[in-house]
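Okay, so the sequence shown: first residue is 415 according to the working numbering, each after it adds one. Cβ coordinates follow ideal geometry from the N, Cα and C atoms, glycine included.
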Amino acid sequence: MNSIFKPRSLKQDLDRVSFLEKLKGTAAPLVNRYVILFILSVGLGLLTVWALEGTGMTRESRLMAGIFVTAALLWVTEALPLFATALFIIGLEIFLISNPGNWPGIGFGEGTAPSYKTFLAPMADPVIFLFLGGFLLAQASVKEGVDKALASTVLSLFGKKPFLSCSASCSFRRSFPCL
């Protein structure tokens, strides 16, 4: 019988419960340094838009200046990881400049606003988003230990026979092409 199918003892269950009880009090604080830096960065971006109100700049120019200040501060302070900052800025440009919902007060004041595709063009293709999603999932699985758990499960089922481990991995991947 493999180790993953062995029943646990009462002591193991009690140890697990006591460990989970200890974890209850160790939750991360809701507001930390990065949250404050993020709020300050976005706030200074909004302040930039407001400060440029009477300068004769067009609305889209003021919004882009605010987005630029927000982007620069987020990159310098690293309040968000750099890839998240890049995606956040692209999202802000789509929301504030392209204005896909035709909300009043944002987007182009005069003329037609660019399509959201204009802001996504540097990404070149939806496949890039597929890669980014895969990288994010891989990083999350490494952080949470899912990769080690999956590898140990495969190795415990098939032992130290590389051919069986590789065959099982390939057949699993072939059986579920959407994963």
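For L466, no alpha helix (DSSP H) encloses it, and the DSSP letter there is neither H nor E. Contact annotation: I481 and G457 have beta-carbon atoms that are not nearer than 8 Å. Runs of the alpha helix (DSSP H) spanning 4 or more residues and lying entirely within the segment 548–579 occur at 560–572, in chain order. C-alpha of F577 to C-alpha of A500: approximately 42 Å in a straight line.
Under the three-state reduction of DSSP, L494 is assigned to coil, being neither helix nor strand. Nearest neighbour of T532 by Cα position, chosen from S579, E507 and M478, turns out to be E507.
A direct Cα-Cα distance of roughly 15 Å separates L564 from Q553.
Membership of F533 in the alpha helix (DSSP H) is indicated by the continuous run Y530 to L534. The DSSP-derived three-state label of V445 is coil.
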